[in-house]
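Novice: Dumping the structure here so I can ask a few things about it.
Numbering (this note's numbering), first residue to last: 243 to 601.
Next up, the structure:
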């Protein structure tokens, strides 16, 4: 006998997991979501939000879409991709992006009533998680997935309360692994991956500094910096990314993946920021720094029996095209309505086979 019973158990509260939970609760399907940490996203990470993702938020309700737009940088501030030697240095060129070119803008307006925007994950994730909990999702933080077994009628998942160290079991009709790039659910399923992990090394430097004198006249969300060493690791060039206009920024700079990752000290962070901004006297308020690896692989199948994976658990690709959280949230939309139909007896379980084929 399991300790807890629910229709759907979701592992992971990131964009994929929280979107799935919010949608299931909107459809009246009992669900539970667990997060091994005691917090939601504490770094901006994913940010570019496309029209299809905004349609998912609109489907959750006008209040959800409105809250997202309230926190987002609007499309016009996303501007163009700017290529330069540094923010203060020579500008090499600009590339019309994010629907700024006339034909692209027309396509955007014709394609959807929703507008793309720049919404950092530190806003998107809490919006989705709050929507889920407000609609009935049972959420447990500091709770990690340990393992699962499935039978013809459902899944028994073992979870561990990280505060007490005690294990408990959850009986669900379906299990969703949205537990990130190091997904234990995907590992336990043994689903094959196509591609390569660890193709590049990157460091993130999150800081506050008023850079409006360098950028306000040429708004952009991505300033690509072409300097010696910029092609080492990382994503091919140095990047100064606007998080909040124009005083919160995220720098992405590469390192050699074949060497140990550097220790990103405050001194190193300030040095790199000054180098890419092009201001040797720049003072920054360092908010955080970390190293990470660029991956490029995906699961060739995203389900086995009554267990599914989504988000970074299923596809781990470079961030350059802004597909990460968009694809993850759209994974959730694709699966949630199908789970709801099956749980309510309005469709046969064979409908769920279309999830992997479509995603």
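Ideal Cβ placement from N, Cα and C applies to all residues, glycine included. A quick note: this is a predicted structure, and the numbers were derived from the prediction, not measured.
Please name the residue, chosen from 459, 279 and 504, that lies closest to residue 446 on a Cα-to-Cα basis.
Specialist: Here the question's residue 446 lines up with position 204 in the chain shown. Cα-wise, what sits closest to residue 446 is 504.
Novice: In the DSSP assignment, what are the bridge partners of residue 324?
Specialist: Sequence index remark: in the chain shown, residue 324 carries index 82 (1-based). DSSP lists 336 and 465 as partners of residue 324.
Novice: Is it buried or exposed for residue 352, if we count other Cβ within 10 angstroms and need 16 for buried?
Specialist: Here the question's residue 352 lines up with position 110 in the chain shown. Exposed, by the Cβ-count rule.
Novice: Check the DSSP bridge columns for residue 419 and list the partner residues they point to.
Specialist: Numbered from 1 along the chain shown, position 177 holds the residue referred to as residue 419. Residue 419 pairs with 253 and 551.
Novice: Ends of the beta strand (DSSP E) at residue 188?
Specialist: Nothing can be reported for residue 188, as the shown portion of the chain is limited to 243 through 601.
Novice: Decide if residue 363 is buried, meaning its Cβ has at least 16 other Cβ atoms within 10 Å, or exposed.
Specialist: By 1-based counting over the chain shown, the position of residue 363 is 121. When all chains shown are included, residue 363 counts as buried.
Novice: Using the DSSP secondary-structure output, state which residues sit across from residue 455 in a beta bridge.
Specialist: Taking the chain shown and counting its residues from 1, one reaches residue 455 at position 213. Note: residue 455 sits in no beta bridge, so no partner.
Novice: If you compare alpha carbons, which of 546, 459, 596 and 552 is closest to residue 333?
Specialist: Your numbering for residue 333 matches position 91 in the chain shown. The shortest C-alpha separation from residue 333 is found at 459.
Novice: Could you check where the alpha helix (DSSP H) with residue 501 kicks off and where it finishes?
Specialist: Along the chain shown, one-based indexing puts residue 501 at 259. No alpha helix (DSSP H) holds residue 501; DSSP gives it neither H nor E.
Novice: Going straight from the alpha carbon of residue 537 to that of residue 566, what length do you get?
Specialist: Indexing the chain shown from 1 puts residue 537 at position 295. Indexing the chain shown from 1 puts residue 566 at position 324. Spanning the two alpha carbons is a distance of roughly 12 Å.
Novice: Among all the DSSP beta bridges, which residues are the ones paired with residue 402?
Specialist: Numbered from 1 along the chain shown, position 160 holds the residue referred to as residue 402. Partner(s): 386 and 409.
Novice: Start and end of the beta strand (DSSP E) containing residue 484?
Specialist: Your numbering for residue 484 matches position 242 in the chain shown. 480 to 486 is the extent of the beta strand (DSSP E) around residue 484.
Novice: Going by C-alpha to C-alpha distance, which of 589, 285 and 448 sits closest to residue 490?
Specialist: Position 248 of the chain shown, counting from 1, holds the residue named residue 490. Answer by Cα proximity: 448.
Novice: How would you write the range of the alpha helix (DSSP H) that residue 375 sits in, first residue to last?
Specialist: Locating residue 375 in the chain shown gives position 133, where the first residue counts as 1. 363 to 376 is the span of the alpha helix (DSSP H), which, as asked, contains residue 375.
Novice: Which word fits residue 443, buried or exposed, when buried means at least 16 other C-beta atoms lie within 10 angstroms of its C-beta?
Specialist: If you number the chain shown from 1, residue 443 lands on position 201. For residue 443, the number of other beta carbons within 10 angstroms of its own is at least 16, and it is reported as buried.
Novice: Tell me which residue opens and which closes the alpha helix (DSSP H) that residue 306 is part of.
Specialist: Start at 1 with the first residue of the chain shown, and residue 306 comes out as number 64. 304 to 313 is the span of the alpha helix (DSSP H), which, as asked, contains residue 306.
Novice: Can you give me the C-alpha to C-alpha distance between residue 525 and residue 372, rounded to a whole angstrom?
Specialist: What you label residue 525 is simply residue 283 of the chain shown in a count that begins at 1. What you label residue 372 is simply residue 130 of the chain shown in a count that begins at 1. Rounded to whole angstroms, residue 525 to residue 372 spans 36 Å at the Cα level.
Novice: Assuming residue 431 and residue 549 are in contact, meaning their beta carbons sit under 8 Å apart, how far apart are those beta carbons, in whole angstroms?
Specialist: The count along the chain shown starts at 1 and reaches residue 431 at position 189. The count along the chain shown starts at 1 and reaches residue 549 at position 307. Between residue 549 and residue 431 the Cβ distance is about 6 Å, and since that is below 8 Å, they are a contact.
Novice: Tell me the residue span of the alpha helix (DSSP H) that contains residue 571.
Specialist: In the chain shown, residue 571 corresponds to position 329, counting from 1. Element bounds for residue 571: 566 to 585.
Novice: According to DSSP, what are the bridge partners of residue 539?
Specialist: Counted from its first residue, the chain shown places residue 539 at position 297. DSSP, once it has assigned bridges, lists 437 and 558 as partnering residue 539.
Novice: Using three-state DSSP, classify residue 318 as helix, strand or coil.
Specialist: In the chain shown, counting from the first residue as 1, residue 318 sits at position 76. Reduced to three states, the DSSP call for residue 318 is helix.
Novice: Just reading off the beta strand (DSSP E) that residue 276 is part of, what are its end residues?
Specialist: What you label residue 276 is simply residue 34 of the chain shown in a count that begins at 1. 273 to 276 is the extent of the beta strand (DSSP E) around residue 276.
Novice: Under the rule that 16 or more other beta-carbon atoms within 10 Å means buried, what is residue 600, buried or exposed?
Specialist: The count along the chain shown starts at 1 and reaches residue 600 at position 358. Label assigned to residue 600: exposed.
Novice: Check this for me: beta carbons of residue 263 and residue 374, under 8 Å apart or not?
Specialist: On the chain shown, residue 263 is found 21 positions in, with the first residue counted as 1. On the chain shown, residue 374 is found 132 positions in, with the first residue counted as 1. A contact, by the Cβ cut-off of 8 Å.
Novice: Grouping DSSP H, G and I as helix and E and B as strand, with all else coil, what is residue 243?
Specialist: On the chain shown, position 1 is the one that residue 243 refers to. Residue state, collapsed to three classes: coil.
Novice: Once you ignore the five residues that flank residue 215 on each side, which residues in its own chain have a CB closer than 8 Å to its CB?
Specialist: Since the first residue of the chain shown is 243 and the last is 601, residue 215 is not available in this structure.
Novice: Relative to the C-alpha of residue 386, which candidate in 412, 368 and 468 has its C-alpha closest?
Specialist: What you label residue 386 is simply residue 144 of the chain shown in a count that begins at 1. Considering only alpha carbons, the answer is 412.
Novice: Is the beta carbon of residue 581 closer than 8 Å to that of residue 325?
Specialist: Locating residue 325 in the chain shown gives position 83, where the first residue counts as 1. Locating residue 581 in the chain shown gives position 339, where the first residue counts as 1. In this structure, residue 581 does not lie closer than 8 Å to residue 325 by Cβ.
Novice: Determine the direct distance from the alpha carbon of residue 596 to that of residue 286, and round the result to whole angstroms.
Specialist: Here the question's residue 286 lines up with position 44 in the chain shown. Here the question's residue 596 lines up with position 354 in the chain shown. C-alpha separation (whole angstroms): 32 Å.
Novice: Using only alpha-carbon positions, find the residue among 300, 255 and 312 that is nearest to residue 284.
Specialist: In the chain shown, the residue the question calls residue 284 occupies position 42. Residue 255 is the option with its Cα nearest to residue 284.
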